[in-house]
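In what follows, a structure is listed as structure tokens, so that the remarks can point back to it.
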Amino acid sequence: MPALTALTLLWFACLPAPSSQPSAAERLTLAPPTLTELSPATEAQAVITVTLRLGSASDPTGKEGLSSLLAALIAADAEARAAALGGQASHRVTRELATFTVTGPGDAAVALAEALGAALTTPKLSQEGMDRARDAAARALTEPDPADLAAWGLMAWLYEAHPYRHPPEGRLSALSSLTLDDVRAQHGARVVRSAVFSGVSAPEASLAQASDQLHAALLSLPPGAATPPTPKPVAKVEGVKGAVIVRPGDAAFALGHPLPALNAAERAALDHGLAAAEAELLAPLLKARAPAPRLSLRRVPAPTLGDEDAAGTLTLLVSGLPNLRLAETLGLTQLALEAAARGDLPLTTAAPTAATGLPALLVESALGPAGRWPEPNPSPDIDAARAALKAQLHPEALRVVVVTPDPAMFLPLPVEALSPGAVHRTDAAAATPPRYDGPVTTWIPLSVEELTR
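Be aware that the sequence shown starts at 23, since it is given in the numbering used here, and climbs by one per residue.
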């Protein structure tokens, strides 16, 4: 999504001077939205973004998918308003946040800011739009790609009794019962001043006016607090446990375990260590395979963002694998994580932006507690990053979720024990892949229906 990438780069290049940040007292105030004006854009383009604390963790029980539907309707309204100005809108919903971005000509910055503000404060909510958004969510749940499935399976396993268990799109059984009145109620409860973070990048001639326009719109929101429930990660497991989802297509897998509460310095050091582990150990290892899979190793923030008393999750996602390479790649990845946990890394990679306290609206881990300005994290050093990996990365306690079209290709146990009648066999005569002989002690079956129903 080019608009999001551009905004993140602009944010990194154009941090406001310390004097422009709110005072300590203002940072503790829940009333006004936090608005950051970026420096003038280097190109004649406007980028307006607003992030809300609105995600699947905000869904009421029995109404899973409500926040995603509301975000889709807001985004559709923003798109219609922006298109009339020569711009476009995009959005992204996670378990905690919904981010809306409008981009367009720089000379339309003020009008674009007004358009996004109007879509957020007084969105056009129609039954027709609701039906389109519901159909799109249902497709996402019934036709997920292997990477999504692997990530969903891991989160479902780590957060069994919490809204984090279901995908951001919701659950199929709940989606069908949601009404337009439910969406209106969710808008009133969750689109509030204390849940808003916003930013504007525009040519110098219109930057201040566009910022004022967006700020005025957000100030019209009700001041109520929007705080999602705190999750309870499952207890650390004894030995590595694995789950298999049988699904046609490329293979993928996700690894992860809960993290304890971390303070700002510990979070920064761990983020630096994970970035170095991905760049210096995992990425070169996996890119040597053909075709090269996609890789993501990161710390998922705790549901109460920025709360040092809440736990988070460490996740590693590898996707885009042919099934023939699944066993080998999974085994090598686990060996690499063991090396990272021992501290066997040079850690020369520069610290990631999230670890340096960058107040980027699109980086969940950079947001502070509700209504507060993100506090800068200490700059991590190499020794601290290495120590954080050794202290917080536990390969012996991973949950492993594998998505594969044919588990018989690599798992040393009967296919019938995993997913009877649902195996899509591959011609093993062409190549004999290695059997997986990693540390997983127990394999269980999972299904798409278990994760999305």
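All residues carry an ideal CB built from backbone N, CA and C; glycine is no exception.
- Counted as a single uninterrupted DSSP element, the alpha helix (DSSP H) harbouring His209 occupies residues 202-212.
- Just so you know, the alpha carbons of Leu468 and Pro280 end up roughly 20 Å apart.
- Per DSSP, reduced to three states, the secondary structure at Ser198 is coil, with no helix or strand assignment.
- If the five residues before and after Lys412 are omitted, its C-beta is found closer than 8 Å to the C-beta atoms of Ala363, Arg364, Gly365, all from its own chain and listed in chain order.
- Fully contained in the stretch 278-365 are the following alpha helix (DSSP H) runs of length 4 or more, in chain order: 286-299, 305-309, 348-364.
- Fewer than three Cβ pairs drawn from the stretch 161-171 and the stretch 100-113 lie within less than 8 Å of each other, which leaves the two stretches out of contact.
- Bridge pairing for Lys263: Arg421, Thr464 [DSSP].
- In the structure shown, Ser216 adopts helical secondary structure according to DSSP, grouped into three states.
- Here DSSP, grouped into helix, strand and coil, assigns Ala410 to helix.
- Annotated three-state conformation of His237 is helix, per DSSP.
- Out of Gln208, Asp81, Gly151, Val222, the CA that lies nearest to the CA of Glu136 is found in Val222.
- If you compare the alpha carbons of Ala283, Ser112, Thr143, Leu119 with that of Arg75, the shortest gap goes to Leu119.
- When the Cα atoms are used, Ala100 and Ala297 turn out to be separated by approximately 34 Å.
- When DSSP states are grouped into helix, strand and coil, Leu76 belongs to the coil group.
- Under the DSSP assignment, Gly126 falls in the beta strand (DSSP E) whose first and last residues are 120-127.
- Taking the Cα positions, Pro244 is about 10 Å away from Ala217.
- For Ser112, the enclosing beta strand (DSSP E) begins and ends at 110-115.
- In its chain, beyond the 5 residues on either side, Thr121 have a beta carbon closer than 6 Å to the beta carbon of Arg114.
- Here Leu336 is not near Gly264, since their CB atoms are 8 Å or more apart.
- Taking C-beta separations shorter than 6 Å and ignoring five residues to either side along the sequence, the partners of Arg156 in its chain run Leu197, following chain order.
- Within 10 angstroms of the beta-carbon of Pro427 lie 16 or more other beta-carbons, which makes it buried.
- The beta strand (DSSP E) runs of length 3 or more contained entirely in the stretch 134-178 do not exist; there are none.
- In the three-state reduction of the DSSP assignment, Ser90 falls in the helix class, which pools H, G and I.
- For Lys85, the number of other beta carbons within 10 angstroms of its own is at least 16, and it is reported as buried.
- Assignment of Ser242 by DSSP, reduced to helix, strand and coil, places it in the coil class.
- Pairing Gln67 with Pro282, the inter-Cα distance amounts to about 42 Å.
- In the assembly as shown, Thr201 is an exposed residue. Its beta-carbon has fewer than 16 other beta-carbons within 10 Å.
- Thr83 sits in coil when the DSSP states are folded into three classes, being neither helix nor strand.
- Straight-line measurement puts the Cα of Ala239 at about 42 Å from the Cα of Ala301.
- In this structure, the alpha-carbon of Ala410 lies about 13 Å from that of Ala361.
- Annotation: Glu191 is outside any alpha helix (DSSP H) and is labelled neither H nor E by DSSP.
- In the DSSP annotation of this structure, Glu182 is not part of any alpha helix (DSSP H), being labelled neither H nor E.
- Closest option to Thr144, judged by alpha-carbon separation, among Ser242, Arg154, Arg117: Ser242.
- Judged by beta-carbon spacing, Leu91 lies within the 8 Å limit of Met152, meaning their Cβ atoms are closer than that value.
- For the 8 Å CB-CB criterion, Arg212 and Ser112 do not form a contact.
- Between Val262 and Leu308, the C-beta gap is not smaller than 8 Å, which leaves the two residues out of contact.
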